[in-house]
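Trainee:
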Amino acid sequence: MKISPKRFWTSIVAPLLLFGLLFILSFLGTETFEPSTLGTSDNTQQYLVERIVDGDTLKLSSDGESLTIRLIGIDAPETKHPTKQVECFGKEATAFLTQLLTDQYVAIEFDPSQGETDRYGRLLLYIWLEDRLINEEMIINGYASEYTYSSVYKYQQRFKSAEKSAREKRLGLWGDACISY
Numbered sequence: 001m002k003i004s005p006k007r008f009w010t011s012i013v014a015p016l017l018l019f020g021l022l023f024i025l026s027f028l029g030t031e032t033f034e035p036s037t038l039g040t041s042d043n044t045q046q047y048l049v050e051r052i053v054d055g056d057t058l059k060l061s062s063d064g065e066s067l068t069i070r071l072i073g074i075d076a077p078e079t080k081h082p083t084k085q086v087e088c089f090g091k092e093a094t095a096f097l098t099q100l101l102t103d104q105y106v107a108i109e110f111d112p113s114q115g116e117t118d119r120y121g122r123l124l125l126y127i128w129l130e131d132r133l134i135n136e137e138m139i140i141n142g143y144a145s146e147y148t149y150s151s152v153y154k155y156q157q158r159f160k161s162a163e164k165s166a167r168e169k170r171l172g173l174w175g176d177a178c179i180s181y
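Oh and the sequence shown: position 85 is 85 in UniProt numbering, straight run, nothing missing.
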């Protein structure tokens with residue numbers, strides 16, 4: 001049985017060329033931030049904290065690229081929201097995070113259970129300063145509450161315990177200044 005030149009081209013040569021092209025392109029990919037490839041706290045790559053936006057959002061830089069981060073598992077009182085007023089202890093939460101992280105180098109940890117970004121396009125991450133989990137530090141000191149968006153996350157029980165402790169000690173946003181009677 002003889003194969004026509006047209007059929008030979010469409011059934012054999014074209015798919016081989018396409019496969020070859022895709023194979024070559026897979027090695028040429030552009031350099032982009034991929035949280036799923038960075039994802040553990042023992043990651044040796046360090047990121048410079050550029051700026052604190054508020055108590056649960058910050059900007060990091062790496063190799064000239066700026067990354068906007070939303071801390072997983074916490075909710076700090078609002079200071080910069082288009083539809084909400086500044087909330088009690090919001091300025092203090094931002095100041096605490098600023099004091100803790102300004103000009104520091106941090107490691108990041110991605111949690112596959114939370115997805116890569118939130119609805120605003122911020123990367124969802126845990127931030128480590130040496131051996132300190134900053135997300136948890138915010139809760140322990142009363143600057144944020146534990147926050148579960150839609151699914152269980154890696155450090156959820158730690159964060160819930162930290163919030164319980166901060167509440168019992170009446171720290172930060174759990175203190176008298178923020179409790180309405």
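C-beta: ideal position from N, C-alpha, C; glycine also.
In this text, all values refer to a predicted model and were calculated from it rather than measured experimentally.
For the segment 94-103 and the segment 149-166, state whether three or more C-beta atom pairs, one from each stretch, are separated by less than 8 Å.
Mentor: Short answer: they don't touch.
Trainee: What distance in whole Å lies between the Cβ atoms of ALA76 and ASP63, which are believed to be in contact at a cut-off of 8 Å?
Mentor: Counted from its first residue, the sequence shown places residue 63 at position 63. Counted from its first residue, the sequence shown places residue 76 at position 76. Rounded, the Cβ-Cβ distance is 28 Å, inconsistent with contact.
Trainee: Can you tell me where the beta strand (DSSP E) with ILE69 in it begins and where it stops?
Mentor: To locate residue 69, count along the sequence shown from 1; it is residue 69. ILE69 -> beta strand (DSSP E) spans 65-71.
Trainee: Ignore the nearest five residues each way along the sequence and tell me which others in ARG158's own chain have a CB closer than 7 Å to its CB.
Mentor: Taking the first residue of the sequence shown as 1, we reach residue 158 at position 158. If we look at ARG158 and ignore the five residues flanking it on each side, its Cβ neighbours are GLU136.
Trainee: Report yes or no: do three or more beta-carbon pairs, one from the segment 79-89 and one from the segment 109-125, lie closer than 8 Å?
Mentor: Too few Cβ pairs lie closer than 8 Å, so no.
Trainee: On the DSSP bridge assignment, give the partners of THR117 in chain order.
Mentor: Here residue 117 refers to the residue found at position 117 when the sequence shown is read from its first residue. DSSP, once it has assigned bridges, lists LEU123 as partnering THR117.
Trainee: Within 10 angstroms of the Cβ of SER145, are there 16 or more other Cβ atoms? Answer buried if so, exposed if not.
Mentor: Position 145 of the sequence shown, counted from the first residue, corresponds to residue 145. Burial call: buried.
Trainee: Along the chain, where does the beta strand (DSSP E) containing THR57 start, and where does it finish?
Mentor: The residue you call residue 57 lines up with position 57 of the sequence shown. Residues 57-62.
Trainee: If you reduce the DSSP assignment to three classes, tell me which class LEU173 lands in.
Mentor: Locating residue 173 in the sequence shown gives position 173, where the first residue counts as 1. In the structure shown, LEU173 sits in a helix (DSSP, three-state: H, G or I).
Trainee: Would residue 191 be called buried (16 or more neighbouring beta carbons within 10 Å of its own) or exposed?
Mentor: Nothing about residue 191 can be read from this structure; the chain reaches only from 1 to 181.
Trainee: Note down, in chain order, each residue of its chain lying with its Cβ closer than 8 Å to the Cβ of ALA177, except the 5 sequence neighbours on either side.
Mentor: Looking up residue 177 in the sequence shown gives position 177. Same-chain partners within the cutoff: CYS88, PHE89.
Trainee: Name the one or two DSSP bridge partners that TYR47 has.
Mentor: Within the sequence shown, numbered from 1, the residue matching residue 47 stands at position 47. Answer by DSSP bridge pairing, in chain order: VAL106.
Trainee: In angstroms with no decimal places, state the Cα-to-Cα distance between LEU173 and LEU123.
Mentor: What you label residue 173 is simply residue 173 of the sequence shown in a count that begins at 1. What you label residue 123 is simply residue 123 of the sequence shown in a count that begins at 1. Spanning the two alpha carbons is a distance of roughly 25 Å.
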